[in-house]
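Quick notes on the structure that follows.
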Amino acid sequence: MRYPSIVHHGATTGVTGSCHQLQVDDKYALLIDSGLFQSAETSSAGRAGAGSLAPDFSLDGIKALVAVTAHTDYVGPMPGLRAVSCKRPIFRTESSVWALLIVLKDAFKLGFSRDPKKVERDLKLIELPILASTQTDQPAIAITGNDICSSGRIVNYLKVMRGDARHDVLTFGCQATGTPVRQAQCVGSRNGYVEFDGQRYDIRAQVHTIGGYSAHADQSGLVRFVSRMSAWPNEIRPVHGEKPARRALAGALRERYVDQSSDVDILLPGIDEETGMG
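Counting in numbering that gives the first Met the number 0, the sequence shown runs from 0 upward without gaps.
Shown next, in the form of structure tokens:
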């Protein structure tokens, strides 16, 4: 193997589970992110943390963890790494260290809480406002979160509101494959259906998709990001996206390089074979 090299442990088949290992040499490595697999990208082995805390790769040689973004897609399983004796330091920018602490605390609670009474109490706190909303006989609007929308209070609202034609559901930007809202977008709104917890729910509410609110760069933005670099990279690896979108981005990047008579190797982890960095 050539060094340095990058091994991609996640975010190679979808938008979640970001986890990448920078191998400096045969003894030293950095783990960049340790993200949570969610929705359709959760493996049968329980990669979302429901079953085993241990990662499905060796931690030998990893000297530190680098947290790029304070988001469960990037740092959700980090408490699990600590639990399996991965006592490495975590590096994070000063400006977002407090956000990281909040996310890790929340991830720890979600991953390790086994107290049925506590879970039941928390569910009641969610159910009370939902019951109040549904008993008013007035139309309502549910605003979903971007990207995942597969857990939390919004799911409970959607379960209750989806069957009432007076209600509207607003979705923003890209919804990940396997998420309920993505399913509703693909199947259709009224007279369509969505699945929650293995059960099918008919949709009577109107589902609206609003673009332009995502903080993520789109294809043209990513191509522009590379084009503005003082020295264009010789190798690019698009990750953290669905396969068709990553293939399209790779094509757009290649066209941009051809326009400038420049050469580039564009590798798609999870699609192409892993290779080391030159």
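Every residue gets a Cβ at the ideal spot worked out from N, C-alpha and C, and that includes glycine.
- In the structure shown, Glu93 adopts helical secondary structure according to DSSP, grouped into three states.
- Unbroken beta strand (DSSP E) runs of no fewer than 3 residues, entirely contained in the region 200-267, are found at 205-209, following chain order.
- At a Cβ-Cβ threshold of 8 Å, Val222 and Leu252 count as neighbours.
- In the three-state reduction of the DSSP assignment, Ala28 falls in the strand class, which pools E and B.
- For Thr170, the enclosing beta strand (DSSP E) begins and ends at Asp167 to Phe171.
- Here Val6 has Gln20 as same chain residues with Cβ atoms under 6 Å from its own Cβ, once five neighbours each way along the sequence are excluded.
- Between the region 24-39 and the region 54-64, the count of Cβ pairs shorter than 8 Å is three or higher; the stretches touch.
- A direct Cα-to-Cα measurement between Ala216 and Val14 gives close to 14 Å.
- Relative to Arg255, the option among Ile265, His239, Ser4 and Ser226 whose CA is nearest is Ser226.
- Going by C-alpha positions, Val206 is about 14 Å away from Ile153.
- Residues of the same chain with a CB within less than 6 Å of the CB of Gln218, apart from the 5 flanking positions on each side, are Leu248 and Ala251 in chain order.
- Straight-line measurement puts the Cα of Phe90 at about 28 Å from the Cα of Ile265.
- Of the candidates Gln259, Tyr200, Leu100 and Ala175, Tyr200 places its Cα closest to the Cα of Met160.
- Under a 10 Å Cβ-count criterion, Asp196 is classified as exposed, with fewer than 16 other Cβ atoms of the shown protein chains found around its own Cβ.
- At the C-beta level, Ile142 and Leu99 stay beyond 8 Å of one another.
- Closest in C-alpha terms to Val67, from the list Pro3, Val96 and Arg203, comes Val96.
- In the DSSP assignment, Val65 falls within the unbroken beta strand (DSSP E) covering Ile61 to Val65.
- Taking a C-beta distance under 8 Å as the contact criterion, Gly191 and Thr11 do not qualify as a contact pair.
- Excluding sequence positions up to five before and after Cys18, its CB lies within less than 6 Å of the CB of His8, Gly9, Asp32, Ser33 and Gly34, all in the same chain and listed in chain order.
- By the neighbour-count criterion, in which 16 or more other beta carbons inside 10 Å mark a residue as buried, Val257 falls on the exposed side.
- Here His7 is bridged, per DSSP, to His19.
- Here Val23 is exposed, its C-beta having fewer than 16 other C-beta atoms within 10 Å.
- Ala164 is positioned such that its CB atom lies no closer than 8 Å to that of Ala139.
- C-alpha of Glu93 to C-alpha of Asp136: approximately 48 Å in a straight line.
- Note on Ile101: under 16 other CB atoms within 10 angstroms of its CB, so exposed under the neighbour-count rule.
- Taking a C-beta distance under 8 Å as the contact criterion, Ile202 and Ala183 qualify as a contact pair.
- Contact check for Arg245 and Pro237: beta-carbon distance about 4 Å, within the 8 Å limit, so the pair qualifies.
- DSSP lists Tyr200 as the bridge partner or partners of Val193.
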